[in-house]
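What follows is a single structure, written as structure tokens, with notes after it.
Numbering (the UniProt record's numbering), first residue to last: 1 to 494.
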């Protein structure tokens, strides 16, 4: 293995000058992109933040020692992940606590290092991902009620202050984060899922984190390592150096072909990471107002360093309503996340908007999983077809009410869903598929049904509502939420 190389800020800016457009480079060259805090200041900020979180009733911290052999012998490390703790979805906790909305991201990790040589201890906030944000009814998989709920409470400024909106695709994967730190003349990677992170240098070190809670984090870390290793070495050192000087968290989604939600990922032979944006981890005074680097700028920089990105589209705020209709009626995708950017190029808030296709297919999946729950425990059990069909049709009617779907589209979805459930019951009975396939490979099972039945899920819509669009009223209430996927399935975008 060759020696790691730490590039200077000037060298990194020199590279970006040749790979990104002039206006973007001018903003980077002002120096605001690089962290100007000393190690001592960063340590103090991280320790203060960690102390504050430990005193909060609805926050939970999980501390794990860095396994022996990863850090130099004279160093001991501990990783502390902090998350909102609640029975069920965390929406209610965030809704009722403004400080949590400002100070607790959907992915927080502090690294503490003890030096046996000089007996010093320092802390570093290594992961601080995107803060909690929300959407309209139907756009939050787990939200129970919508009476009077306003997504603007998650914004730093009134939504009217936004000049433009940057739209990024929701990839329908799992949340993923990674960062890099330079310690003792080498780079260390911190990577993980929404609530669990690990530190490593070599691929084999990932397996030292053997506890079940590291399952998704290990997937992220392995994929991260493999994709970084596939880069040219100098570009990798430059990317790592960029992390060192900015102290950013990379916010991504990981697509796992062996664990699929609604979108079909069968075209992927291996897990894949998609970069969304950069977020700061300084915990410095005023950090509560920071959300992330605007994704158009962030993704261009990420691409210059060789990272795969989700892609983006930038629109004017005045064109928002047309964009929301386009997103809502799209086919074959989960939806998009909208980043609202003010005249000073600061992100002031985020909003998720999901497609009708995704919302209904997810509802069908959850009802089918509920009906197959006994089968999963005992394959000799029966799939409860009649009850599952009734519950699924009822759910689609509820969705129809709050999304304002037309009757024709609603009837087509109900017919498609009942046909799927009947086919599924037959496949279970004939042992053609196992219940676990429904739970982990639902999009594949759904695609097989469409193919065998000669049907399509591309159902036209003549009317729908844009709940939580500024021009739309709020409904009285939303249906009860469906159960969550593993780790809450809030994905990279959360």
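Just so you know, even glycine gets a beta-carbon here, dropped at the ideal spot from N, CA and C. Only a predicted model underlies this, so the values are computations on that prediction, with no experimental measurement involved.
Cα-Cα separation, residue i to residue j
i           : j           : result
residue 465 : residue 182 : 50 Å
residue 185 : residue 110 : 21 Å
residue 69  : residue 115 : 15 Å
residue 11  : residue 74  : 32 Å
residue 377 : residue 126 : 40 Å
residue 302 : residue 381 : 50 Å
residue 309 : residue 220 : 16 Å
residue 450 : residue 258 : 21 Å
residue 238 : residue 19  : 13 Å
residue 198 : residue 206 : 8 Å
residue 245 : residue 7   : 9 Å
residue 471 : residue 431 : Its pLDDT being 33, under 50, residue 471 is placed unreliably in this model, and the coordinates cannot settle the point.
residue 85  : residue 118 : 37 Å
residue 165 : residue 339 : 5 Å
residue 233 : residue 180 : 15 Å
residue 99  : residue 396 : 36 Å
residue 296 : residue 419 : 43 Å
residue 298 : residue 402 : 35 Å
residue 57  : residue 92  : 14 Å
residue 5   : residue 40  : 24 Å
residue 192 : residue 64  : 13 Å
residue 547 : residue 170 : Beyond the ends of the chain as shown, which are 1 and 494, falls residue 547; an answer cannot be given.
residue 379 : residue 408 : 37 Å
Proximal residues to residue i (C-beta, below 6 Å), its chain only, five neighbours per side dropped
i           : result
residue 410 : 400
residue 330 : 355
residue 455 : none
residue 225 : 203
residue 14  : none
residue 288 : 102 and 103
residue 90  : 84
Neighbourhood of residue i by C-beta distance below 7 Å, restricted to the same chain and skipping five residues each side
i           : result
residue 47  : 123
residue 327 : 335, 336, 353 and 355
residue 375 : 381, 383, 428 and 435
residue 227 : 273
residue 71  : 77
residue 44  : none
residue 3   : none
residue 218 : 206 and 209
residue 243 : 179 and 180
residue 447 : 264
residue 433 : 427 and 445
Residue i vs residue j beta-carbon contact at 8 Å
i           : j           : result
residue 335 : residue 346 : no
residue 323 : residue 315 : yes
residue 415 : residue 461 : no
residue 106 : residue 194 : yes
residue 101 : residue 132 : yes
residue 438 : residue 386 : no
residue 173 : residue 254 : yes
residue 499 : residue 16  : Absent from the structure is residue 499, since the part of the chain shown begins at 1 and ends at 494.
residue 266 : residue 104 : no
residue 215 : residue 440 : no
residue 459 : residue 412 : yes
residue 94  : residue 349 : no
residue 187 : residue 240 : yes
residue 392 : residue 359 : no
residue 196 : residue 222 : no
residue 168 : residue 151 : no
residue 108 : residue 128 : yes
residue 463 : residue 371 : no
Contact belief for residue i with residue j at Cβ below 8 Å, rounded distance in angstroms
i           : j           : result
residue 178 : residue 250 : 5 Å
residue 495 : residue 262 : This structure gives no information on residue 495, because the portion of the chain shown stretches from 1 to 494.
residue 351 : residue 306 : Between residue 306 and residue 351 the Cβ distance is about 30 Å, and since that is not below 8 Å, they are no contact.
residue 291 : residue 156 : 7 Å
residue 59  : residue 282 : Actually they do not touch by this definition, with Cβ atoms about 20 Å apart.
residue 256 : residue 271 : 5 Å
residue 35  : residue 300 : Residue 35 to residue 300, Cβ: 20 Å. No contact.
residue 388 : residue 361 : The pair is not a contact, with the Cβ atoms about 15 Å apart (cut-off 8 Å).
Neighbourhood of residue i by C-beta distance below 8 Å, restricted to the same chain and skipping five residues each side
i           : result
residue 452 : 423
residue 61  : 50, 53, 54, 80, 81 and 82
residue 163 : 316, 317, 341, 342 and 343
residue 67  : 205, 208 and 209
residue 120 : 114
Where in the region 252-294 do unbroken runs of the alpha helix (DSSP H), each at least 4 residues long, occur, reported from the N-terminal end onward?
none
Continuous alpha helix (DSSP H) assignments of at least 4 residues falling wholly in the region 45-96
91-96
Can you check the region 100-142 for any alpha helix (DSSP H) of at least 4 residues that lies completely inside it and give the ranges in chain order?
none
So within the region 417-461, which uninterrupted alpha helix (DSSP H) runs reach at least 4 residues, ignoring any that extend past its ends?
Fully contained in the region 417-461 are the following alpha helix (DSSP H) runs of length 4 or more, in chain order: 435-440 and 442-453.
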